[in-house]
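Enquirer: Can you read through this structure? Questions will come right after.
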Amino acid sequence: MRDYSEYTEYIVERTKELLGIDSPSGYTREVSGYLMHLYRGLGYEPELTVKGGVVVKIADGERSGADGCGKADPAAGAIMLEAHVDTLGAMVAEVSSTGRLHLTPVGGMNANNAEAENCRVITRGGKVYTGTFQLKNASIHVNDNYNEVKRSYGEMEVLLDEIVRSKEDVLALGIMPGDFVCFEPRTVVTESGFIKSRFLDDKLSTGILLGFAKYLKDEGIRPARTIYQHITVFEEVGHGGCASIPADVTEVLSVDMGCVGDGLGCDECQVSICAKDSRGPYHYDVVSGLIDAAKRAEADFAVDVYPHYGSDADAALTAGYDVRHGLIGPGVYASHGYERSHKKGVENTFKLLKAYLA
Numbered sequence: 186m187r188d189y190s191e192y193t194e195y196i197v198e199r200t201k202e203l204l205g206i207d208s209p210s211g212y213t214r215e216v217s218g219y220l221m222h223l224y225r226g227l228g229y230e231p232e233l234t235v236k237g238g239v240v241v242k243i244a245d246g247e248r249s250g251a252d253g254c255g256k257a258d259p260a261a262g263a264i265m266l267e268a269h270v271d272t273l274g275a276m277v278a279e280v281s282s283t284g285r286l287h288l289t290p291v292g293g294m295n296a297n298n299a300e301a302e303n304c305r306v307i308t309r310g311g312k313v314y315t316g317t318f319q320l321k322n323a324s325i326h327v328n329d330n331y332n333e334v335k336r337s338y339g340e341m342e343v344l345l346d347e348i349v350r351s352k353e354d355v356l357a358l359g360i361m362p363g364d365f366v367c368f369e370p371r372t373v374v375t376e377s378g379f380i381k382s383r384f385l386d387d388k389l390s391t392g393i394l395l396g397f398a399k400y401l402k403d404e405g406i407r408p409a410r411t412i413y414q415h416i417t418v419f420e421e422v423g424h425g426g427c428a429s430i431p432a433d434v435t436e437v438l439s440v441d442m443g444c445v446g447d448g449l450g451c452d453e454c455q456v457s458i459c460a461k462d463s464r465g466p467y468h469y470d471v472v473s474g475l476i477d478a479a480k481r482a483e484a485d486f487a488v489d490v491y492p493h494y495g496s497d498a499d500a501a502l503t504a505g506y507d508v509r510h511g512l513i514g515p516g517v518y519a520s521h522g523y524e525r526s527h528k529k530g531v532e533n534t535f536k537l538l539k540a541y542l543a
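Per the working numbering, the sequence shown runs over residues 186 to 543.
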């Protein structure tokens with residue numbers, strides 16, 4: 186069996202680059218611009234959507250998308266692969282009288298997971314200030330209730346790395362409510378192949394789609410189906426996949442993180458195939474086809490039901506698109522926290538995409 190490790194390394198490198206670009210939902214212009222650059226470098230013609238996502242056709246299929254009677258065949262029609270490059274983050278909600286910043290979350294950024302994390306505050310004027318997200322009165326030698334206080338946005342604040350002692354001092358810097366706050370990803374790739382970082386959800390799968398696009402171009406492969414990719418920028422707030430699906434698409438496959446945790450079969454070295462999430466079951470024929478493809482590819486996989494999850498593919502159906510839908514992704518542990526996956530999970534997801542489509 187051919188070694189595709191060159192694509193794994195390409196995916197990991199692109200993922201590291203994407204993780205180095207702050208992109209909480211609503212502040213994604215820079216990362217979308219970088220994606221446009223990457224796709225053009227691969228020889229494609231990406232388009233920027235009105236919402237700021239990136240859509241690109243990576244293959245013209247050999248089949249027409251119709252059966253012998255001229256009726257549309259969903260299994261032969263165009264497919265849209267979706268990943269998202271927006272991440273969790275926060276926004277300044279209030280500047281306190283003492284010069285501290287009170288935040289509101291963007292997406293599901295849990296205050297427990299963000300405690301003592303370094304962050305960047307991006308002003309509307311384009312200046313960037315650093316700080317740390319801490320519990321109020323964070324000195325354990327002073328705070329008698331340090332252990333008892335619930336870590337919530339109401340009990341935590343950003344300490345700016347500037348000498349400020351009042352609200353007026355902060356406003357003079359150009360910081361105000363509505364400014365985005367971006368948390369340090371802390372990306373590490375270990376010699377043993379583990380990939381650790383905030384926001385692997387879903388920049389790791391975005392890297393995988395880039396790797397798959399590179400593979401088709403490098404090998405000159407014309408698959409049976411027309412293939413689009415859509416890198417969305419509002420998934421973490423629920424409407425990333427609600428628009429920009431071409432008229433010939435009959436199937437949407439979300440490539441996002443695979444859940445790892447108690448009660449689930451997937452681990453970080455596998456590709457996960459989701460049969461059902463919090464919004465309901467995925468299309469039976471799509472899930473069955475993905476399982477068959479994983480077996481053909483000898484990919485290490487698990488089929489799981491995700492208890493607390495919603496995807497861009499779900500969003501497409503909610504928006505009214507008449508498409509089949511599915512969800513796969515490399516296993517990612519500690520979702521929405523300091524996440525961890527493995528190069529083997531990348532490899533198995535790549536194998537599954539290749540077997541299913543190419």
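The C-beta atom is built at its ideal place from N, Cα and C for all residues, glycine as well.
Please classify residue 439 as buried or exposed, where buried requires at least 16 neighbouring CB atoms within 10 angstroms.
Expert: For this step, residue 439 is matched to residue 254 along the sequence shown. So residue 439 ends up on the buried side.
Enquirer: Do residue 291 and residue 418 have their CB atoms nearer than 9 Å?
Expert: Stepping through the sequence shown from its first residue, residue 291 is reached at position 106. Stepping through the sequence shown from its first residue, residue 418 is reached at position 233. Contact: no.
Enquirer: What number of angstroms, rounded off, separates the C-alpha of residue 509 from the C-alpha of residue 496?
Expert: Translated into positions along the sequence shown, residue 509 becomes position 324. Translated into positions along the sequence shown, residue 496 becomes position 311. Each residue's Cα considered, the two are about 13 Å apart.
Enquirer: Between the beta-carbon of residue 456 and the beta-carbon of residue 392, is there less than 9 Å?
Expert: Locating residue 456 in the sequence shown gives position 271, counting from the first residue. Locating residue 392 in the sequence shown gives position 207, counting from the first residue. Not a contact, by the Cβ cut-off of 9 Å.
Enquirer: Can you tell me where the alpha helix (DSSP H) holding residue 279 begins and where it ends?
Expert: Working through the sequence shown from its first residue, we reach residue 279 at position 94. Note, residue 279: premise wrong, no alpha helix (DSSP H); beta strand (DSSP E) at 274-280.
Enquirer: Measuring CB atoms only, is the segment 300-320 touching the segment 354-366, in the sense that at least three cross pairs come out at less than 8 Å?
Expert: Flag = yes, the segment 300-320 and the segment 354-366 touch.
Enquirer: DSSP three-state label for residue 462, please.
Expert: As a working mapping, residue 462 is identified with position 277 in the sequence shown. In the structure shown, residue 462 sits in a strand (DSSP, three-state: E or B).
Enquirer: Taking only three categories from DSSP, how would you classify residue 199?
Expert: Numbered from 1 along the sequence shown, position 14 holds the residue referred to as residue 199. Three-state DSSP puts residue 199 in a helix.
Enquirer: Excluding the 5 residues flanking residue 470 on each side, which residues of the same chain have their C-beta closer than 6 Å to its C-beta?
Expert: The residue given as residue 470 occupies position 285 in the sequence shown. Nothing meets the Cβ criterion.
Enquirer: Secondary structure at residue 190, three-state DSSP: helix, strand or coil?
Expert: In the sequence shown, the residue the question calls residue 190 occupies position 5. Three-state result, residue 190: helix.
Enquirer: Just tell me which of 209, 245 and 216 has its CA closest to the CA of residue 398.
Expert: Here residue 398 refers to the residue found at position 213 when the sequence shown is read from its first residue. Comparing Cα-Cα distances from residue 398 to each of 209, 245 and 216, the minimum goes to 245.
Enquirer: Please state whether DSSP places residue 332 in a helix, a strand or coil.
Expert: Your numbering for residue 332 matches position 147 in the sequence shown. The answer is coil: DSSP assigns residue 332 none of H, G, I, E or B.
Enquirer: Would you say residue 501 and residue 454 are within 9 Å of each other, going by their C-beta atoms?
Expert: Counting from one through the sequence shown, the residue named residue 501 turns up at place 316. Counting from one through the sequence shown, the residue named residue 454 turns up at place 269. Cβ atoms of residue 501 and residue 454: not closer than 9 Å.
Enquirer: Using C-beta distances below 6 Å, list every residue in its chain close to residue 277, excluding the 5 sequence neighbours before and after it, in chain order.
Expert: By one-based count along the sequence shown, residue 277 stands at place 92. Correct list, in chain order: 286, 362 and 364.
Enquirer: What residue does the beta strand (DSSP E) around residue 314 start on, and which one ends it?
Expert: The residue given as residue 314 occupies position 129 in the sequence shown. Looking at the DSSP string, the run of the beta strand (DSSP E) that includes residue 314 is 313-320.
Enquirer: Let's test the definition: count the other Cβ atoms within 10 Å of the Cβ of residue 315 and tell me whether it reaches 16, buried, or not, exposed.
Expert: Here residue 315 is taken as the residue at index 130 of the sequence shown, counted from 1. Residue 315 should be labelled exposed.
Enquirer: Going by C-alpha to C-alpha distance, which of 465, 483, 462 and 437 sits closest to residue 262?
Expert: Sequence index remark: in the sequence shown, residue 262 carries index 77 (1-based). With distances taken between Cα atoms, residue 262 lies closest to 437.
Enquirer: On the three-state DSSP scale, how would you describe residue 546?
Expert: Outside the shown range of the chain, which is 186 to 543, sits residue 546, and nothing can be said about it.
Enquirer: Between residue 200 and the rest of its own chain, which residues show a CB-CB distance below 6 Å, the 5 nearest in sequence each way excluded?
Expert: Start at 1 with the first residue of the sequence shown, and residue 200 comes out as number 15. Around residue 200: 388, 389 and 392.
Enquirer: Hey, out of 538, 531, 541 and 543, whose CA is closest to residue 196's CA?
Expert: Locating residue 196 in the sequence shown gives position 11, where the first residue counts as 1. Among 538, 531, 541 and 543, the Cα nearest to that of residue 196 belongs to 531.
Enquirer: Are the beta-carbon atoms of residue 203 and residue 216 separated by less than 9 Å?
Expert: Here residue 203 refers to the residue found at position 18 when the sequence shown is read from its first residue. Here residue 216 refers to the residue found at position 31 when the sequence shown is read from its first residue. Going by C-beta atoms, residue 203 is nearer than 9 Å to residue 216.
Enquirer: Give me the residue from 352, 433, 322 and 492 with the minimum Cα distance to residue 506.
Expert: Within the sequence shown, residue 506 is the residue found at index 321, counting from 1. Minimum Cα distance to residue 506 is reached at 433.
Enquirer: Going by the DSSP bridge assignment, what does residue 304 pair with across the sheet?
Expert: Position 119 of the sequence shown holds residue 304. Residue 304 pairs with 316 and 368.
Enquirer: Write down every uninterrupted run of the beta strand (DSSP E) in the segment 411-470 whose length is 3 residues or greater and which is fully enclosed by it, in chain order.
Expert: Qualifying beta strand (DSSP E) stretches, in chain order: 412-417, 434-440 and 456-462.
Enquirer: In terms of alpha-carbon separation, which member of 543, 529 and 473 lies closest to residue 403?
Expert: Here residue 403 is taken as the residue at index 218 of the sequence shown, counted from 1. Of the listed residues, the one whose Cα sits closest to residue 403 is 543.
Enquirer: Check whether the segment 407-414 and the segment 480-491 are in contact - that is, three or more C-beta pairs closer than 8 Å.
Expert: Flag = no, the segment 407-414 and the segment 480-491 do not touch.
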